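Following: one structure in structure tokens, then a few remarks.
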Amino acid sequence: MKNMVYIQSGGPTSVINTSFYGAIKEAKRHPEEITHIYGSVHGIEGLIDDDLIDVGLEDEEQIELLLQTPGSILGTTRRKLPKDINDPIYAKIIANLQKHEIKYVFVNGGNDSMDTCYKLSLLVKQLGLDIVVVGVPKTIDNDLAATDHSLGFPSCAKFVINTVNALIKDACCFKVGKIHIVEIMGRDAGWLTAAPDVLPEGNRPHLFYLPENKFDLDQFLADVKAVYEREGYAMICISEGLQIPRDMSNVRVDGFGHAQLGGAATELCRIVEEKLNLPTRAVELSLTQRACPVFVSKVDREEAIKTGEIAVRTALNGETGKMIVFKRTNNNPYTISFELEDLSKVANAVSLIPQSMMKDVTRMDESFREYIRPLINGEVQLKCKDGIALVTNFKYIKVK
Ligand code: F6P
């Protein structure tokens, strides 16, 4: 008997369950080689606590709905594995891998989760176990190294772009307009924040503030004032990770060591009201941007399915310690190749927007727009009942 276990880790995306779908479909095509498809509940925690579910027992209809189900269907975690390979946690993981006769391990996550994946791959190699470990890329932040982009980013960017597009139309229709500050996720990387720069000129945000650039409050106030005097309103995109002057000492920190961000737009609006005496409105897109299935990009969905399939085939070929990466082979028409990269190159590394993609500190260069455009292409049809999008409900049958 040879079984596989699938782990979802870190923050969800609107297509994280889509790569899982691809992996399930591919695994079912190889019944000789994969006897059971297991899911680890709450990421690596499931392998530590012997909390696995048998995905093979879930109804086909529910598997199909994974394509439009937000969140991580298996549950997720931001637990960091210890550096010390002799830590008792590893003995628990190994015991559970052996107990459930697991030969194939998949970790679907971002740069911190690839650290988990990398550590697991080193562990099984060091112990000489017949187990392979493969990474499946995902993060709305688009900050995974060694890949053209990360699954989940295109759909999230599409949501952000379309939401800001609508907000601009709402913001510009008042006789006395406001200064709108939209706060967008992405932590230390500005990919998502900058995405609305692809909107056509005339319906494009006026200013962008990215974590890649040093934030100068006085310059920000001067820029905002100038836009307001010229346009009668302002639409400004800021990153949640922007280093604005505020006290962050009491902020909650997650298991990966990251502060829970948020509130930057509200704080900047407060400063604008105080210093410029102009009306403001803060909009924090927050979890809606990574959870909303409405603007899933067809490109993202198709790549997510294919990546899940390729991950399974990679494991069946005996490859281990690798993550699937995308290399852009052409931009127009857009084509990519799926390749493998050593986990040592992606674990914990961060990819930021290069300066060459910025026109200046508040606007993007055409090369950035060319990069984004093909990723957000194509729409997907949502299955709904009584006007409500259907989502997967698993039975979560525990593996004994
Ligand atoms: O995983 C990426 C991310 O979506 C970041 O963009 C964001 O800062 C973070 O997760 C927020 O996660 P949570 O609200 O789950 O702490």
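Residue numbers (the working numbering): 127 to 526.
Note that the Cβ used here is the ideal one computed from N, Cα and C, for glycine as well.
Computed from a prediction, not measured in an experiment: that's the story for all the values here.
Legend entry - Buried or exposed by the 16-neighbour rule on C-beta atoms within 10 Å, applied to P480: As a first step, residue 480 must be located in the sequence shown, where it is residue number 354. The residue is exposed, with fewer than 16 neighbouring Cβ atoms inside 10 Å.
Inset, instruction - Please list, in chain order, all residues with a C-beta atom less than 7 Å from at least one heavy atom of the ligand F6P. - result: Cβ atoms closer than 7 Å to the ligand F6P belong to G136, G137, G236, T265, I266, D267, M311, G312, R313, E366, D380, H384, Q386, L387, L413 and R416.
Legend entry - L516 in three-state terms, based on DSSP: Stepping through the sequence shown from its first residue, residue 516 is reached at position 390. Reduced to three states, the DSSP call for L516 is coil.
Legend entry - Beta-carbon contacts of C363 that lie in its chain and below 7 Å, excluding the five residues immediately before and after: Translated into the one-based positions of the sequence shown, residue 363 becomes position 237. V290, V308, I310, T319, P322, P331 and F334, listed in sequence order.
Legend entry - Stretch-stretch touch, CB-based, cutoff 8 Å, three pairs: the region 393-410 with the region 260-269: At 8 Å Cβ cutoff, the stretches do not touch.
Legend entry - Where the alpha helix (DSSP H) containing N129 begins and where it ends: Stepping through the sequence shown from its first residue, residue 129 is reached at position 3. Not the alpha helix (DSSP H): N129 falls in the beta strand (DSSP E), residues N129 to Q134.
Inset, instruction - Measure the beta-carbon distance from T139 to L277 and round it to whole angstroms, keeping in mind my assumption that it falls under 8 Å. - result: Along the sequence shown, read from residue 1 onward, the residue named residue 139 stands at position 13. Along the sequence shown, read from residue 1 onward, the residue named residue 277 stands at position 151. About 7 Å separates the beta carbons of T139 and L277, which is inside the 8 Å limit, making them a contact pair.
Legend entry - Where M311 sits in the DSSP three-state scheme: Position 185 of the sequence shown, counted from the start, is the residue given in the question as residue 311. Coil, per DSSP.
Legend entry - Through-space distance from N237 to T195, alpha-carbon basis: In the sequence shown, residue 195 corresponds to position 69, counting from 1. In the sequence shown, residue 237 corresponds to position 111, counting from 1. Distance between the alpha carbons of T195 and N237: 23 Å.
Inset, instruction - Would you decide whether R356 is buried or exposed? Buried here means 16 or more other CB atoms lie within 10 Å of its CB. - result: Looking up residue 356 in the sequence shown gives position 230. Its Cβ having fewer than 16 others within 10 Å, R356 is exposed.
Legend entry - Own chain partners of V487 with C-beta closer than 7 Å, once the 5 adjacent residues on each side are dropped: Reading the sequence shown from its first residue, position 361 is the one you call residue 487. Take V487, set aside five residues on each side of it, and the residues of its chain with a beta-carbon closer than 7 Å to its own are N339, in chain order.
Inset, instruction - Kindly indicate the opening and closing residues of the alpha helix (DSSP H) around M240. - result: Residue 240 sits at position 114 when you count from the first residue of the sequence shown. From DSSP, the alpha helix (DSSP H) with M240 extends over N237 to Q252.
Legend entry - Contact between the region 465-475 and the region 490-502 (3+ Cβ pairs under 8 Å): no
Inset, instruction - With DSSP as the reference, label T289 as helix, strand or coil. - result: Position 163 of the sequence shown, counting from 1, holds the residue named residue 289. The answer is helix: DSSP assigns T289 an H, G or I state.
Inset, instruction - Using DSSP bridges, identify the partner residues of N457. - result: Here residue 457 refers to the residue found at position 331 of the sequence shown. N457 is bridged to Y460.
Legend entry - Endpoints, the alpha helix (DSSP H) within which S493 is located: What you label residue 493 is simply residue 367 of the sequence shown in a count that begins at 1. Residues E492 to I498.
Inset, instruction - Kindly confirm or deny that the region 190-210 and the region 237-249 touch, where touching means at least three C-beta pairs closer than 8 Å. - result: yes
Legend entry - Enclosing alpha helix (DSSP H) for R416 [first to last residue]: Taking the sequence shown and counting its residues from 1, the one referred to as residue 416 is at position 290. T414 to A417 is the span of the alpha helix (DSSP H), which, as asked, contains R416.
Legend entry - 8 Å contact criterion, which Y230 and V258 should meet: CB distance rounded: On the sequence shown, residue 230 is found 104 positions in, with the first residue counted as 1. On the sequence shown, residue 258 is found 132 positions in, with the first residue counted as 1. Y230 to V258, Cβ: 6 Å. Contact.
Legend entry - Delimiting residues of the alpha helix (DSSP H) encompassing G444: The count along the sequence shown starts at 1 and reaches residue 444 at position 318. For G444, there is no enclosing alpha helix (DSSP H), as DSSP marks it with neither H nor E.
Inset, instruction - Taking only the alpha-carbon atoms, compute the straight-line gap between F300 and G513 and give it to the nearest angstrom. - result: For the purposes of this step, residue 300 is taken as the residue at position 174 of the sequence shown. For the purposes of this step, residue 513 is taken as the residue at position 387 of the sequence shown. Each residue's alpha carbon lies about 32 Å from the other.
Inset, instruction - Look up D177 in the DSSP assignment and say whether it is helix, strand or coil. - result: The sequence position of residue 177 within the sequence shown is 51, counting from 1. Coil, per DSSP.
Legend entry - N-terminal and C-terminal residue of the beta strand (DSSP E) that I364 is part of: Reading the sequence shown from its first residue, position 238 is the one you call residue 364. Per DSSP, the unbroken beta strand (DSSP E) holding I364 starts and ends at A360 to S365.
Inset, instruction - Would you mind reading off the limits of the alpha helix (DSSP H) that contains E344? - result: Along the sequence shown, one-based indexing puts residue 344 at 218. Note that residue 344 is Asp in the sequence shown, not Glu. Unbroken alpha helix (DSSP H) run through D344: L343 to E357.
Legend entry - Residues that V233 bridges to, as DSSP identifies them: Taking the sequence shown and counting its residues from 1, the one referred to as residue 233 is at position 107. Answer by DSSP bridge pairing, in chain order: I133 and G261.
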